[in-house]
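Right, one structure below, let's go through it.
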Amino acid sequence: MNNKPDRNVVTRFAPSPTGYLHLGGARTALFNWMYARKNSGKFLLRIENTDQTRSNPKAELAIFKGLKWLRLTWDDDIIYQFDRKERHLEIAKLLLQKNFAYKCYSTKNEITVFKEKALKLGKSTKFISPWRNQQPACSPSKEYVVRLRVPESGKTTIIDRVQGEIVWNNENLDDLILVRSDGTVTYNLAVVVDDFDTNVTDIIRGDDHLTNAAKQYLIYKALDWDVPTFSHIPLIHGFDGKKLSKRHGAVGLDHYQKQGMIASAMIRYLSQLGWHPGSNDLISIEESIQNFKLEKIVKSPARFDPIKLNDICSKLIRNASNDTIIKEFDVFLKMAGIRTLTKSEKTILSKSLPFLKPRIKNFNELYVQASFLIIGKLFKINADCLELITKTSLSLLRELTNRLNNVIWEREIINETIKLLAKEYQIAYKEVAQMVRIAIVGKLNSPGIVDMMLALGRPEIINRFNNLCDKKNDLS
Ligand code: GLU
2 MNNKPDRNVV TRFAPSPTGY LHLGGARTAL FNWMYARKNS GKFLLRIENT
52 DQTRSNPKAE LAIFKGLKWL RLTWDDDIIY QFDRKERHLE IAKLLLQKNF
102 AYKCYSTKNE ITVFKEKALK LGKSTKFISP WRNQQPACSP SKEYVVRLRV
152 PESGKTTIID RVQGEIVWNN ENLDDLILVR SDGTVTYNLA VVVDDFDTNV
202 TDIIRGDDHL TNAAKQYLIY KALDWDVPTF SHIPLIHGFD GKKLSKRHGA
252 VGLDHYQKQG MIASAMIRYL SQLGWHPGSN DLISIEESIQ NFKLEKIVKS
302 PARFDPIKLN DICSKLIRNA SNDTIIKEFD VFLKMAGIRT LTKSEKTILS
352 KSLPFLKPRI KNFNELYVQA SFLIIGKLFK INADCLELIT KTSLSLLREL
402 TNRLNNVIWE REIINETIKL LAKEYQIAYK EVAQMVRIAI VGKLNSPGIV
452 DMMLALGRPE IINRFNNLCD KKNDLS
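Residues 2 to 477, numbered by the numbering used here, are exactly what the sequence shown covers, in order.
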């Protein structure tokens, strides 16, 4: 196989910071990143914040956080589109000078009236500006927009690497606005100028931008600039085949992160969404990069399957090394605003992972299951446990504490000690186990008690048993 890059590939992810980073956006970023990495090229990040009224710093932060979480590192400095407005205007002027663009003085109201009339008469509503072929002798004081002079006839064709050949009849295309009457530049012009100035070779984005491709192509041609290749990837749909939206549950990447999804599962899942890299859903991202081909992306929308995503996550957790899990879990705790683990907690966690792993599918569940080692000062007894703490159960716990103080700290011996105590007190093993559980973790659901006892060690266990007895003394 020839893996040699054919040219200096530059891709970009160009989100508008107007909302959270959704799964579709994350996948677009990922495909751009994969394609750049495969071709030893560059992956750029451009924040399209030209619409200052809609741009929001929180959304921008969510983009950075999401990309960092997925480890989609970008090359070079981040480009802020708004900062480049002078350059955009310079190109608009150039297009005017070359007569590929013109000033249109028609007001919004005039255009609306024209369209309404055309609609009533059943005629085409395509607005042909009266200023296309005539300019006022002396510049009127009226406001104007700058429009691209789209060819009246002929066709605009792009060869999209995902969608194939797409052809537009120019007569159906409007003279698109490049500069608004308030002097701000429109998205289509800004994108072309930015992509050109940063040497973008391949535009990979959602197919909701397909019609923009025709407009952008015409701007490239007017400027006599090389047109990058286009790859418009189908959007992600929900299980019901409709565009992914809040109806299908969470669509924001941060939601999955907060739910304890591991980044490597999300990236694996997204990297396989829309094409088929093979039957192994645990395929490494490096391997997916090698197999990645834009032409292999299917034209129909991918269906988001949260069950598969969760499945990949639990399989990866099961297969991951203790070190990897601890490192990632620490990141999760920090992100969740909890705190990072102390060194001794990490050691205990490492010892506990063999019995914790089968009980968890994500980091949220790990947090719940590992709470016995994290709670520290936050130890709290759940309400449903309180009524189980009676004088009798506490004296049982005290007796167990005495006995455990004098045994070898080994699984079999601890187990036998509990069994014997239960037998002598003529109660079931599980009743003693229940008290032990309450003393260790303050709730009725937890990993096996002996597992936790061995992981925490005798001094800590005896300490927690004593604490419970003391606490109850305080209460009564
Ligand atoms: N800013 C556009 C968006 O967020 C993307 C533009 C592009 O990729 O060309 O949808």
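Every residue gets a Cβ at the ideal spot worked out from N, C-alpha and C, and that includes glycine.
| Query | Result |
| --- | --- |
| Return the bridge partner residues of L149 from the DSSP annotation. | A102 |
| Assuming contact is defined by CB atoms lying nearer than 8 Å, are R319 and K352 in contact in what I supplied? | no |
| Can you give me the C-alpha to C-alpha distance between G449 and E425, rounded to a whole angstrom? | 22 Å |
| Taking 7 Å as the cut-off, is the CB of R499 close to at least one heavy atom of ligand 1? | Residue numbering for the chain in the displayed model covers 2 to 477; residue 499 lies beyond these limits and cannot be assessed. |
| Could you please give the first and the last residue of the uninterrupted beta strand (DSSP E) stretch that includes L45? | 43-48 |
| Per DSSP, which residues does L81 bridge with? Please list them. | As written in the sequence, residue 81 is Tyr, which differs from the Leu given in the question. I48, per the DSSP bridge assignment. |
| Our contact map puts K444 next to N383 with C-beta atoms below 8 Å; I'd like the distance itself, whole angstroms only. | 4 Å |
| On the three-state DSSP scale, how would you describe S301? | coil |
| For W169, which residues does DSSP report across the bridge? | T157 |
| Could you spell out where the beta strand (DSSP E) holding S246 opens and where it closes? | That residue, S246, is in no beta strand (DSSP E); it is neither H nor E in DSSP. |
| Any idea what DSSP makes of T418, helix, strand or coil? | helix |
| If V299 sits next to G275, beta carbons under 8 Å apart, how far is it from one beta carbon to the other, in whole angstroms? | 6 Å |
| Should V10 be labelled buried (16 or more other beta-carbon atoms within 10 Å of its own) or exposed? | buried |
| Going by C-alpha to C-alpha distance, which of A93, L455, A60 sits closest to A223? | A93 |
| Less than 8 Å separating the beta-carbons of R150 and A215? | no |
| Give the secondary structure of V201 by DSSP, where H, G and I count as helix, E and B as strand, and everything else as coil. | coil |
| Under a three-way DSSP split, which group does T230 fall into? | strand |
| H238 by DSSP, collapsed to three states: which one? | strand |
| Between V146 and the rest of its own chain, which residues show a CB-CB distance below 7 Å, the 5 nearest in sequence each way excluded? | C105, I178, V180, R181, S182 |
| State the DSSP-derived secondary structure class of G20, mapped to helix, strand or coil. | coil |
| With a threshold of 7 Å, establish whether the CB of E49 neighbours any heavy atom of ligand 1. | yes |
| Compute the distance between the beta-carbons of G207 and T12, then report whether it is under 8 Å. | no |
| Suppose the cutoff is 6 Å on Cβ atoms and the five residues either side in sequence are ignored; what does the same chain contact list for P302 look like? | P235, L236, H238 |
| Does at least one heavy atom of ligand 1 sit under 7 Å from the Cβ of A15? | yes |
| Going by the beta-carbon positions, is the gap between V192 and L295 smaller than 8 Å? | no |
| Just reading off the alpha helix (DSSP H) that L398 is part of, what are its end residues? | 392-405 |
| Measure the alpha-carbon distance for L122 versus E61 and round it to whole angstroms. | 46 Å |
| Since F14 sits in a beta bridge, which residues does DSSP pair it with? | L46 |
| Does the distance between the C-beta of V193 and the nearest non-hydrogen atom of ligand 1 fall short of 7 Å? | no |
| I need the straight-line Cα distance from I376 to L254, nearest angstrom please. | 28 Å |
| Using a threshold of 7 Å, is the CB atom of H210 nearer than that to any non-hydrogen atom of ligand 1? | yes |
| Since V437 is in the alpha helix (DSSP H), which residue starts that stretch and which ends it? | 430-442 |
| So K39 packs on F293, CB below 8 Å; how close in whole Å? | 5 Å |
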